[in-house]
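Residue numbers (the numbering used here), protein chains in the order written: chain A, 35 to 407; chain B, 35 to 407. Even glycine gets a Cβ: it sits at the ideal position worked out from N, Cα and C. Bear in mind the structure is a predicted one, so any value in this text is a computation, not a measurement.
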């Protein structure tokens, strides 16, 4: 299953694992795949510590870092003052109302203290400081999760000899990302978890492959097994970029109550909603998404990063309450995950997931080859 | 590319072509695929005539018929009286308003005359008379497009030795269809044109394959090229069921103005909307879908079959006006099509589409096999 991307990035299997958890990143890289750490939740200092830990674990094997660089953010949020000052009263009130309606225990959200630095990290300037930290480590890839990589990021990565990857949901965006300097395109279908577009992986990948050739393309969205990996590569992808499948691994830091929800969920139990980040992101359908998206009294989600501030603050409290078994909090709790959640019904080590995918990939390819005889 | 389904149905390539146009059905069957005629638009007499024509063209090669058997229809519509009597005044008024707003010429919709028989055909009783007609012809497959095949349909097909196929959008429906007697499951992803669910082909197909084994599964949704066919079969499907790709063939009866819209459309230009049939169906996004789904004054779509009555009557007039080049009618005009519409940019003979898919399939499988060396 070696493709040109494998040669370029020095990886055995073209299986990329996006995770916010350093243990998953290290485990996948050590199993022959390519771990990519999602950096958005970290301060520059924390990111440095996480990458140092990964460096110690992987013994020079390749891994990467993903930063969130939104193309457009709420303009007001970029001006001076505390970001929380820009959250309207009725949005704060709606969160208070939800906490009360669902009887979520615990003290008021602790977000106020950290909200500002958190929110700033999803602005271009904030992402830039994470890029600086990442490039001080021996990373093999830097990825831009939203919008074209800023010129400064591309220039710094080039200087460091690190390829730049960019996630896209349309052909138009893929062309724009290549023009902005992306060395590798991740074409992500609507079935993916997190920020995602409307076009399915099956439809998107071949169009992107044709549009940006010879730039290599990885497929993302709907891929959590070897058959799906083989399908993605039949479409012309040189590898796959998976996120959801790691959320139910042993190593994942997914809150146990949310992990249980994922193991129980079917593929119908996700929704693309703006209620957590301000941009459409696929996640478990829960009382949180229902209330924000459909309740009469909902003020509607704010843009990014403001919605992220109020949602992540509230979700921290909700998740803690869900861990205590509070029923209302369990109804509200959710997390970003793709439609493949319906396939995830067992907690496994990340290494085992890699080996099973590689082995099922080989079986699928052999089965296909026999059809052509 | 022969799979057990090929043996069972006596077909060379497991490429199924769903079309409302007899010319497409005959062309695909004669090229080695398996044409399936969508019967919903025909009266029993018309269907008989169409199938007689196909019989003469295909010289014993296999083809099939697809009927629309909705599991649930608007209960009121099943009681006595003319179906049109059940359409509320504000829905009629909204159609009149749209015709006026978009300055659609031509006389009031001619639907009233034919609406009743048309609407009745999408009830269980109506579908049954189409099944009787179909089984008098040497068909190789009968398919149920919505809901489990009724016991009577399964019994009649069994007696005639004709396998029954059923379209599904969830694992749960697949299990139910097999329990109801389906011999073949068509797992259709959300990217498909027409009535469709929420789960993507990439995610749905492997789950359905595992759930109903050893019952064979065809993949539908997002498949209009050989790479996509290879991907579907890597997922475990024994063949593919394609609809959209035939709409821009030379043989298709697609209205020329709508065909041009399809050739120009990108994969972002479709929407799942209830505005044409009363159930969520993917179609070109147009002023029609926008007005019904988002305009403040929209009364919201009715259920099936009532919405179908008003929509098809209005669409007949809109399409005729669009053919005259009326700009408002061109804005409103649309048709059912999947996200693959973004790949369709050239009018080709149906036979050429079959040959190109088969040839690209072989290339994709060879490319994959080389990766495993």
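- Contact between the stretch 238-248 of chain B and the stretch 200-219 of chain A is absent: fewer than 3 CB-CB pairs across the two stretches fall below 8 Å.
- DSSP places residue 128 of chain B in the uninterrupted alpha helix (DSSP H) bounded by 123-135.
- Runs of the alpha helix (DSSP H) spanning 4 or more residues and lying entirely within the stretch 163-220 of chain B occur at 185-194, 205-213, in chain order.
- DSSP, reduced to helix, strand and coil, places residue 47 of chain B outside both helices and strands of the structure shown, so it counts as coil.
- With 16 or more other Cβ atoms from the protein chains shown falling within 10 Å of its own Cβ, residue 339 of chain B counts as buried.
- Excluding sequence positions up to five before and after residue 403 of chain A, its CB lies less than 6 Å from no other CB in the same chain.
- At a beta-carbon threshold of 9 Å, the residues of chain A lying near residue 301 of chain B are 204, 205, 232, 233, 234, 237, 238, 241, ordered along the chain.
- Of the candidates B/392, B/344, B/37, B/221, B/221 places its Cα closest to the Cα of residue 208 of chain B.
- When the alpha-carbon of residue 175 of chain A is set against those of A/58, A/62, A/50, A/395, the nearest one is in A/50.
- A Cβ-Cβ separation of about 6 Å places residue 138 of chain A in contact with residue 360 of chain A under the 8 Å criterion.
- Across the set A/183, A/367, A/314, A/319, the C-alpha of A/314 shows the shortest separation from the C-alpha of residue 336 of chain A.
- Distance from the CA of residue 39 of chain A to the CA of residue 311 of chain B, rounded to the nearest whole angstrom, comes to 46 Å.
- DSSP, reduced to helix, strand and coil, places residue 252 of chain A within a strand of the structure shown.
- Taking 9 Å as the CB threshold, residue 388 of chain B stays off the interface with chain A.
- Those residues of the stretch 208-230 of chain A placed with their C-beta closer than 8 Å to a C-beta in chain B are 223, 224, 225, ordered along the chain.
- Listed along chain B, no residue sits closer than 8 Å to residue 178 of chain A by beta-carbon distance, the nearest being about 21 Å off.
- For residue 119 of chain A, there is no enclosing alpha helix (DSSP H), as DSSP gives it neither H nor E.
- In chain order, 136, 137, 138 place their CB closer than 7 Å to the CB of residue 362 of chain A, counting only its own chain and leaving out the 5 sequence neighbours on each side.
- Between the stretch 54-67 of chain B and the stretch 381-389 of chain B there are three or more C-beta pairs closer than 8 Å, enough to call the two in contact.
- When DSSP reads this structure, residue 97 of chain B sits in a beta bridge with B/69.
- Using a 10 angstroms sphere on the CB of residue 84 of chain B, the tally of other CB atoms reaches 16 or more, which defines it as buried.
- For the set B/183, B/290, B/57, B/173, the Cα lying nearest the Cα of residue 368 of chain B is the one of B/290.
- Between residue 74 of chain A and residue 177 of chain A, the gap from beta carbon to beta carbon reaches 9 Å or more.
- Residue 284 of chain A and residue 320 of chain B have their C-alpha atoms roughly 47 Å apart.
- As the crow flies, the alpha-carbon of residue 354 of chain B is around 42 Å from that of residue 192 of chain B.
- At a Cβ-Cβ threshold of 9 Å, residue 263 of chain A and residue 391 of chain A count as neighbours.
- Membership of residue 273 of chain A in any alpha helix (DSSP H) is not indicated; the residue belongs instead to the beta strand (DSSP E) covering 273-276.
- For the stretch 258-283 of chain A, the residues whose beta carbon sits under 8 Å from a beta carbon of chain B are, in order, 259, 261, 262, 264, 265, 266, 267, 268, 269, 270.
- Setting aside the 5 residues that flank it on each side, residue 131 of chain A is surrounded in the same chain by 331, each with a C-beta closer than 8 Å to its C-beta; the list follows chain order.
- Listed by position along chain A, the residues whose Cβ is nearer than 7 Å to that of residue 373 of chain B are 233, 234, 237.
- In the three-state reduction of the DSSP assignment, residue 298 of chain A falls in the helix class, which pools H, G and I.
- Excluding five sequence positions before and after residue 259 of chain B, the CB atoms of its chain that fall closer than 7 Å to its own CB belong to 377, 391, 394, given in chain order.
- With contacts defined by Cβ atoms closer than 9 Å, residue 198 of chain B and residue 217 of chain B form a contacting pair.
- Straight through space, the alpha carbons of residue 281 of chain A and residue 295 of chain A are spaced by roughly 11 Å.
- The beta carbon of residue 400 of chain A falls within 9 Å of a beta carbon belonging to chain B, placing the residue at that interface.
- For residue 316 of chain B, the uninterrupted beta strand (DSSP E) run begins and ends at 315-318, by DSSP.
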